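Asker:
Numbering (this note's numbering), first residue to last: 203 to 598.
1. Does the Cβ of residue 365 have 16 or more other Cβ atoms within 10 Å, making it buried, or fewer, making it exposed?
2. Pull up the distance between the alpha-carbon of residue 431 and that of residue 566, whole angstroms please.
3. Report the partner residues of residue 214 according to the DSSP bridge assignment.
4. Label residue 575 either buried or exposed according to how many other C-beta atoms from any shown protein chain fall within 10 Å of its C-beta, with 16 as the threshold for buried.
5. What residue range does the beta strand (DSSP E) around residue 590 cover?
6. Run through the region 343-411 for me and flag every whole beta strand (DSSP E) of 3 or more residues, listed as ranges in chain order.
7. Can you name the residues that DSSP bridges to residue 305?
8. Within its chain, find whatever has a CB closer than 8 Å to the CB of residue 289; leave out the 5 residues flanking it on each side and keep chain order.
9. Can you list, in chain order, the residues of its chain with a C-beta nearer than 6 Å to that of residue 349? Leave out the 5 residues immediately preceding and following it.
10. Going by CA-CA distance only, name the one from 507, 413, 315 that's closest to residue 468.
11. Applying the 10 Å Cβ sphere with the 16-neighbour rule, what's the burial state of residue 337?
12. Can you give me the start and stop residues for the beta strand (DSSP E) that residue 244 sits inside?
13. Which class does residue 494 belong to by DSSP, given the choice of helix, strand or coil?
14. Can you give me the start and stop residues for the alpha helix (DSSP H) that residue 566 sits inside?
15. State the DSSP-derived secondary structure class of residue 264, mapped to helix, strand or coil.
16. According to DSSP, simplified to helix, strand and coil, what is residue 285?
17. Mind checking whether residue 453 and residue 478 have CB atoms under 7 Å apart?
18. Does the region 387-403 come within contact of the region 453-462, defined as at least 3 CB pairs closer than 8 Å?
19. Please classify residue 237 as buried or exposed, where buried requires at least 16 neighbouring CB atoms within 10 angstroms.
20. Please confirm whether residue 363 and residue 400 have their CB atoms less than 7 Å apart.
21. Is residue 215 buried or exposed, if buried means 16 or more other CB atoms sit within 10 Å of its CB?
22. Pop quiz: residue 309 and residue 272 are said to be a contact at Cβ under 8 Å. What is the actual Cβ separation, rounded to whole angstroms?
23. Going straight from the alpha carbon of residue 486 to that of residue 280, what length do you get?
24. Quick check on DSSP: helix, strand or coil for residue 479?
25. Let me check one thing: in DSSP terms, what residues is residue 524 bridge-paired to?
26. Using a Cβ-Cβ cutoff of less than 7 Å, which residues in the same chain neighbour residue 518 once the five nearest sequence positions on both sides are dropped?
27. For a quick check, are the C-beta atoms of residue 463 and residue 406 less than 7 Å apart?
28. Quick check on residue 284: buried or exposed, where buried means 16 or more other Cβ atoms within 10 Å of its Cβ?
29. Drop a sphere of 10 angstroms on the beta-carbon of residue 506, count the other beta-carbons inside from all chains shown, and report buried for 16 or more, exposed for fewer.
30. Tell me whether residue 378 is buried or exposed, calling it buried when 16 or more other Cβ atoms sit within 10 Å of its Cβ.
31. Just reading off the beta strand (DSSP E) that residue 256 is part of, what are its end residues?
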């Protein structure tokens, strides 16, 4: 921290009941100093800050990072019932009558606006099509685009990968910087072995994502070739499994497909075990990968009425980030509300940890080095969250 502000230069000064730097929660005797465009100059003590300080009630923090969202599903708001379980949720999404594209576009615009106003500055977003590209090209939010591959048939793997690469190229060719786009597998129950192999070959040193252990039936399918997924496959006319039972859990089945320097954001993890966490960390360390666990607590409560084992992630010093998931499985798109859900169900998890997951960890996961913390030279945005946590809003 610096010592004193140079009064000859134009600065903006911010003070609140608490100031979170991205790593540390400071008391009201600290002031954030930025340039007029929001570039961080310093965090200093109140006695050295001089005059012209903007005072707020609540907590000031860097802008929030939403590491898992589906912007293109924004039109499903309030249309998918809660409490269906994952297989029921997937069936509801597949059966949902698609509205006109102009309605979808407007709902994506509103979702983008909601996230921006609530203090979200960057999003790791799942895209199955190019529908969200137009809105993203106009957005004030930074996007990392995960082009999600679903393909249960080995014989179609190369053709499917080629088609999804075409979608990825459209995102890379339109949005800046182009490196913020990567192919990613949907989940173990919808991707064939050869498709996993091709994704591994195509994503060297990239940040990718996958839905993991969102329901107990995912493990039941892989361990025993049984469970609700069999009925789901039957309902859609599928007679063979996308991937043969391995006798192992989901993450212990799909993670060994990767060995190409990837950073992997494993999303949901609602039913992950301690053994799985230890396996994932050890495998990643031994094979040059980075494994990051993304929590979407409100979506987990919406679909399965269950939270992931947060205490186990903390116990094993895991890299944790937060996401909102989509309007198909959430009541709002707010990282502040995700932190509220954790506080309500796990009140012993320190505020400082939750805020770190929502800011610095998220920025690191998506590779946005200029976001996530109040370090000199960064321009992370500034968010005010009320002391009652009922709302968060962008200040700068």
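Note that the Cβ used here is the ideal one computed from N, Cα and C, for glycine as well.
Remember, predicted model here, so these are calculated numbers, not experimental data.
Answerer: Looking at the coordinates:
1. exposed
2. 35 Å
3. 236
4. buried
5. Where residue 590 is concerned, there is no enclosing beta strand (DSSP E), given that its DSSP letter is neither H nor E.
6. Fully enclosed beta strand (DSSP E) runs of 3 or longer: 344-351, 383-387.
7. Paired residue(s): none; residue 305 is not in a bridge.
8. 417, 419, 430, 431, 433, 434
9. 329, 366, 369, 370, 385
10. 413
11. buried
12. 242-247 is the span of the beta strand (DSSP E), which, as asked, contains residue 244.
13. Per DSSP, reduced to three states, the secondary structure at residue 494 is strand.
14. 562-568
15. strand
16. coil
17. yes
18. yes
19. Under this definition residue 237 is an exposed residue.
20. yes
21. buried
22. With 8 Å as the limit, residue 309 and residue 272 do not qualify as a contact, their Cβ atoms being about 12 Å apart.
23. 38 Å
24. helix
25. 497
26. Closer than 7 Å at the Cβ level, and outside the excluded window around residue 518, lie 479, 480, 483.
27. Yes; because the gap between Cβ atoms is below 7 Å, this pair is in contact.
28. exposed
29. buried
30. exposed
31. 255-257
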